[in-house]
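Everything below concerns the one structure shown next.
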Amino acid sequence: MKKVLALSLTAAMVIAMVTGCGSAGAENGNIAEQAPAAETESTQADEAGEDATDGSGAEDGTTYKIGVLQLTEHAALDAANEGFVAALNDAGISYEIDQQNAQNDQSACQTIAEKLVNDGNDLILAIATPAAQAVAGVTSDIPILVTAVTDPADAGLVESNETPGNNVSGTSDLTPVNEQIELLTQLLPEAKTVGILYCSAESNSEFQANMAKEACDAAGLASEVFTVSSSNEIQQVVESMVGKVDVIYTPTDNTIAAGMATVAMVANDNGLPTICGEEGMVDAGGLATYGIDYYQIGYMAGEQAVEILVNGADISTMPVGYLSADQCALKTNQETADVLGIDLSVLEK
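Just so we're aligned, residue 456 is where the sequence shown starts under this note's numbering, counting upward by one.
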């Protein structure tokens, strides 16, 4: 199955300009404490961990100002943030970082984006599509790197993923949707109808949901879409899926990821397996995934930041970075499998 994964992903992924994202030197760096949406004071890099300012920085002694807007808190986005900071630390640059978290609030995204621009940051990292769209909407001058954005071009952030053509680039969290649906058929060969669950407010999720519908069609599976507009609707919507579908598929959706414990509680209690978009959702109670490493896409974005800040790279010609096929990995939850009575050993055959 790994061979199928590699073949199907290779054609879809653009070769990243930034290489070496999986190097052994990428150690887990501590990120600065997440600032609530209402908080506006900058966080110095030395608060992110003593390694944050250990490097010599630029030859002229420059200390760079970097703003970070993370959409919400969940394992995948947190890991991307950690990877970004680790890459800065490994590069040895001197920087101040202002960590902001919108707590999945769209109005907070807008407010924080304006703050980061008005503060005169040298570069801004936006984590997840709504955060990226908010920042891109308020500046065309400050370099903006995005991460955990499935398709920046589809989200209207760049002219193309190969040649952005503006002040935005970064790294994608495009997952192997076809292989995730194939995984579903291996684990659940009797399944006939797939419920595709995502948040209607997230364009990256709709993009993946359309891919999932096509993959289901190709696999001879019926599919039905179920959406939420906020986390408050998750339990009710998942309950509505019981009796209508045989399995749930949910992509790398930030609202669903943050509420995955609720999805798993309802789904598992009702015998509904969930195939997820990323491994943090599996840890929270989903059954399985083929997923990417969010720490690594964050690290890649950090390397891009160093290229822009220190080496003067032109962001408008910097391709959006993707992980290679061999960096996608199988993740399963044995406890969930036991509850659902599913034999994971079929994946070893």
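We treat Cβ as the ideally placed atom computed from N, Cα and C, and that holds for glycine.
(1) Buried or exposed: which applies to residue 599, given that a residue is buried once 16 or more other Cβ atoms fall within 10 Å of its Cβ?
(2) Flag this pair as touching only if the stretch 752 to 771 and the stretch 703 to 712 have three or more C-beta atom pairs under 8 Å; answer yes or no.
(3) Can you tell me whether DSSP reads residue 783 as helix, strand or coil?
(4) For the ligand SAH, is there any heavy atom lying closer than 7 Å to the beta carbon of residue 588?
(5) Can you tell me the Cα-Cα spacing of residue 782 and residue 748, whole angstroms?
(6) What does the Cβ neighbour count give for residue 800, buried or exposed, with the cut at 16 atoms within 10 Å?
(7) Who are the near neighbours of residue 626 in its chain, counting only those whose CB is closer than 6 Å to its CB and skipping five residues on each side?
(8) Please report the straight-line C-alpha distance between residue 717 and residue 530, rounded to a whole angstrom.
(9) Quick test of your reading: residue 526 and residue 597, contact by CB under 8 Å. State the CB separation rounded to the nearest angstrom.
(10) Answer with buried or exposed for residue 533, where buried requires no fewer than 16 other C-beta atoms within 10 angstroms of its C-beta.
(11) When burial is assigned at 16 or more other CB atoms within 10 Å of the CB, is residue 668 buried or exposed?
(12) So for residue 520, helix, strand or coil by DSSP?
(13) Is the stretch 783 to 792 touching the stretch 570 to 585 in the sense that three or more CB pairs, one from each, lie closer than 8 Å?
(14) Kindly indicate which three-state DSSP category residue 603 falls into: helix, strand or coil?
(15) Is it the case that the Cβ atoms of residue 664 and residue 651 are separated by a distance below 8 Å?
(16) What are the partner residues of residue 708, as DSSP defines its beta bridges?
(17) What residue ranges within the stretch 684 to 753 form continuous alpha helix (DSSP H) runs of no fewer than 4 residues, ordered along the chain?
(18) Enumerate in chain order the residues of its own chain whose CB-to-CB distance from residue 565 is below 6 Å, with the five nearest sequence positions on each side excluded.
(19) By a C-beta neighbour count over all protein chains shown, 10 Å radius and 16 as the cutoff for buried, is residue 555 buried or exposed?
(20) So what's residue 556 in DSSP terms, helix, strand or just coil?
(21) So which of 794, 552 and 713 has the shortest CA-CA distance to residue 728?
(22) Checking 8 Å against the spacing of the C-beta atoms, do residue 677 and residue 705 come in under that value?
(23) Who are the Cβ neighbours of residue 522 in its own chain at under 6 Å, not counting the five residues just before and after it?
(24) Is it true that the CB of residue 604 sits closer than 8 Å to the CB of residue 587?
(25) May I have a chain-ordered list of the beta strand (DSSP E) segments no shorter than 3 residues that lie completely inside the stretch 611 to 696?
(26) Return the CA-CA distance between residue 662 and residue 516, expressed in angstroms with no decimal places.
(27) Please list, in chain order, all residues of the same chain as residue 721 whose beta carbon is under 7 Å from its beta carbon, the five residues on each side excluded.
(28) Any chance the stretch 613 to 626 sits against the stretch 732 to 746, with 3 or more Cβ pairs inside 8 Å?
(29) Going by beta carbon distance, what residues of the same chain come within less than 7 Å of residue 772, once the five residues before and after it are set aside?
(30) In or out: residue 635 buried (at least 16 other Cβ within 10 Å) or exposed?
(31) Select from 611, 607 and 701 the residue whose C-alpha is nearest the C-alpha of residue 645.
(32) For residue 863, does the three-state DSSP call read helix, strand or coil?
(33) Under 8 Å between the Cβ atoms of residue 559 and residue 610?
(34) My understanding is that residue 595 touches residue 622, with C-beta atoms under 8 Å, so please give their C-beta distance in whole angstroms.
Concretely, from the data shown:
(1) buried
(2) no
(3) coil
(4) You won't find the ligand SAH in this model; it holds no ligand whatsoever.
(5) 7 Å
(6) exposed
(7) 602, 752, 755, 756 and 776
(8) 15 Å
(9) Actually they do not touch by this definition, with Cβ atoms about 19 Å apart.
(10) buried
(11) buried
(12) strand
(13) no
(14) strand
(15) yes
(16) Answer is none; residue 708 lacks a bridge partner.
(17) 689 to 696, 709 to 713, 715 to 724 and 734 to 738
(18) 589
(19) buried
(20) strand
(21) 794
(22) no
(23) 553, 571, 576 and 579
(24) yes
(25) 623 to 627, 648 to 654 and 677 to 683
(26) 43 Å
(27) 690, 693 and 694
(28) no
(29) 618
(30) buried
(31) 701
(32) There is no way to answer for residue 863, as the model of the chain reaches only from 456 to 804.
(33) no
(34) 6 Å
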